[in-house]
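Participant: Below is one structure. I have some questions about it.
Residue numbers (this note's numbering), protein chains in the order written: chain A, 97 to 211; chain B, -16 to 99.
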């Protein structure tokens, strides 16, 4: 069965600090996809990244970077030089071929960036 | 890019009444749609998966008679909360995907349901 664990419930940082959000996943499938979403107070989900299980390359997009490590079943997300606008809830999610690709979310990490 | 329109964005209803939430894919054919429920400060919990023209598959613990899902066309899925009660008050959000996971998931903007 697929499972996503985000152990950090809430993180508070001061603006310009770097912050890493952890995500650990469980799956028995060899084909799966990992996602990160941002949910601001408005409630809409903002897609950040998708990674498939065959692509372990790390990715950088502006101040955002992702570290995918199959050896530790982790897909961590780092925000460099955080800004107040980064304050939101961030969800890691997993879909696997064996479960008809239904998307299962972790419990989320609430990030508060203080000025 | 792919867009999913979800309506209404919020609704207040009286206990015992039914509420219908619509989810439409505007520029792609959504072969599969997912319905989630999110309680305050909690994660998104998958309620059911619906494929066009088929009965929905409900997650364990979700009452299929209470949460009726219809996916009659490739662009429209509806969730009807029947005989709503205050404990059904929540944020409901739909997600749609077309044939390939490669194309990812597109989420609606969500519906905040308050049952009074």
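Ideal placement from N, C-alpha and C gives every residue a C-beta, glycine not left out.
Can you list, in chain order, the residues of its chain whose CB lies under 6 angstroms from that of residue 113/A, leaving out five sequence neighbours each side?
Facilitator: Counted from its first residue, the first chain places residue 113/A at position 17. Contacts found: 178.
Participant: In the DSSP assignment, what are the bridge partners of residue 77/B?
Facilitator: Here residue 77/B is taken as the residue at index 94 of the second chain, counted from 1. Answer by DSSP bridge pairing, in chain order: 18/B.
Participant: Starting from the C-beta of residue 88/B, find all residues in its chain whose C-beta is less than 8 angstroms away, skip the five residues before and the five after it, and write them out in chain order.
Facilitator: Counting from 1 along the second chain, the entry for residue 88/B is found at position 105. Counting only Cβ-Cβ distances below 8 angstroms, and skipping sequence neighbours, we find 17, 78, 79 and 80.
Participant: Counting only Cβ-Cβ distances shorter than 7 angstroms, please list the residues of the segment 189 to 211 of chain A near chain B, keeping chain order.
Facilitator: 191, 196, 197, 198, 199, 200, 201, 202, 203 and 204
Participant: Under 7 angstroms Cβ to Cβ from residue 183/A, same chain only, skipping five residues before and after it: list those, please.
Facilitator: Numbered from 1 along the first chain, position 87 holds the residue referred to as residue 183/A. The answer, listed in chain order, is 207, 208 and 209.
Participant: Pull the bridge partners of residue 122/A from the DSSP assignment, please.
Facilitator: Translated into positions along the first chain, residue 122/A becomes position 26. Answer by DSSP bridge pairing, in chain order: 99/A.
Participant: For the segment 36 to 59 of chain B, which residues have a CB atom closer than 9 angstroms to at least one CB atom of chain A, in sequence order?
Facilitator: Within the segment 36 to 59 of chain B, those residues whose Cβ lies closer than 9 angstroms to any Cβ of chain A are, in chain order, 40 and 42.
Participant: Specify the secondary structure class of residue 63/B as computed by DSSP and reduced to three states.
Facilitator: Counted from its first residue, the second chain places residue 63/B at position 80. Here residue 63/B sits in strand by DSSP.
Participant: In terms of alpha-carbon separation, which member of 211/A, 172/A, 180/A and 125/A lies closest to residue 191/A?
Facilitator: Sequence index remark: in the first chain, residue 191/A carries index 95 (1-based). Checking every option, the nearest Cα to that of residue 191/A belongs to 125/A.
Participant: For residue 24/B, does the three-state DSSP call read helix, strand or coil?
Facilitator: For the purposes of this step, residue 24/B is taken as the residue at position 41 of the second chain. Looking at residue 24/B - three-state DSSP - the assignment turns out to be coil, as it is neither helix nor strand.
Participant: Would you report the Cα separation of residue 139/A and residue 93/B, rounded to the nearest angstrom?
Facilitator: Taking the first residue of the first chain as 1, we reach residue 139/A at position 43. Taking the first residue of the second chain as 1, we reach residue 93/B at position 110. Spanning the two alpha carbons is a distance of roughly 7 angstroms.
Participant: Would residue 59/B pass as a contact of residue 75/B if the rule is Cβ separation under 8 angstroms?
Facilitator: Residue mapping note: residue 59/B aligns to position 76 of the second chain, counting from 1. Residue mapping note: residue 75/B aligns to position 92 of the second chain, counting from 1. For residue 59/B and residue 75/B, no; Cβs fall outside 8 angstroms.
Participant: Any contact of the segment 151 to 168 of chain A with the segment -13 to 7 of chain B, i.e. 3+ C-beta pairs under 8 angstroms?
Facilitator: no
Participant: For the beta strand (DSSP E) holding residue 148/A, just list the boundary residues, first then last.
Facilitator: By 1-based counting over the first chain, the position of residue 148/A is 52. Per DSSP, residue 148/A is one residue of the beta strand (DSSP E) stretching across 142 to 148.
Participant: Between the C-alpha atoms of residue 201/A and residue -1/B, what's the straight-line distance to the nearest angstrom?
Facilitator: Mapped onto the first chain, residue 201/A falls at position 105. Mapped onto the second chain, residue -1/B falls at position 16. Between residue 201/A and residue -1/B, the C-alpha separation is close to 31 angstroms.
Participant: Answer with yes or no whether the minimum CB distance from residue 62/B to chain A is below 8 angstroms.
Facilitator: Working through the second chain from its first residue, we reach residue 62/B at position 79. Closer than 8 angstroms: no.
Participant: Reducing DSSP to helix, strand and coil, say where residue 94/B ends up.
Facilitator: Along the second chain, one-based indexing puts residue 94/B at 111. In this structure, residue 94/B counts as strand in the three-state DSSP scheme.
Participant: When you measure from the CB of residue 168/A to every non-hydrogen atom of the ligand PLP, does any distance come out below 7 angstroms?
Facilitator: Although the ligand PLP was asked about, the structure shown includes no ligands whatsoever.
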